[in-house]
Amino acid sequence: MNKEEIARVEAYLRKTFGTPNLTVRARPKKDDSAEVYIGDDFTAVLFREDEDGEVSYQFQMAILDFDLETL
Numbered sequence: 371m372n373k374e375e376i377a378r379v380e381a382y383l384r385k386t387f388g389t390p391n392l393t394v395r396a397r398p399k400k401d402d403s404a405e406v407y408i409g410d411d412f413t414a415v416l417f418r419e420d421e422d423g424e425v426s427y428q429f430q431m432a433i434l435d436f437d438l439e440t441l
């Protein structure tokens with residue numbers, strides 16, 4: 371993912387999740403994905419899919435069982 375793509379997806383995710391603290395960061399040595407953070411906390415991996423000339427992005431977030439205990 372290039373810087374322009376990252377900025378566009380970041381703006382979309384900030385609007386969708388309603389948080390200006392969300393950032394999308396390039397991954398070292400990977401150009402097909404990026405990392406999503408809220409503040410300093412790693413939240414998800416964002417994968418770029420290019421199939422038959424149509425580009426989409428897959429947001430993959432793991433929720434650990436112990437994270438749910440604090441609710």
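Quick note, the working numbering runs 370 ahead of the 1-based positions in the sequence shown.
We put the CB at the ideal spot given by N, CA and C, even for glycine.
When you compare only the Cα positions, how much space is there between residue i and residue j?
i, j, result
"L441", "K385", "24 Å"
"V406", "L416", "7 Å"
"K389", "I408", "One point to set straight first is that residue 389 is Thr, not Lys, in the sequence displayed. Going by the C-alpha atoms only, they are around 8 Å apart."
"I376", "P398", "14 Å"
Determine the burial state of residue i: buried for a count of at least 16 other Cβ atoms within 10 Å of its Cβ, exposed for fewer.
i, result
"L438", "exposed"
"V425", "exposed"
"L434", "exposed"
Report yes if the CB atom of residue i is closer than 9 Å to the CB atom of residue j, and no otherwise.
i, j, result
"A404", "Q430", "no"
Who are the near neighbours of residue i in its chain, counting only those whose CB is closer than 6 Å to its CB and skipping five residues on each side?
i, result
"A396", "A404"
"E380", "V394"
"M371", "A404 and R418"
With a CB to CB cut of under 7 Å and the five nearest residues on each side skipped, what residues in its chain are close to residue i?
i, result
"N391", "I408 and G409"
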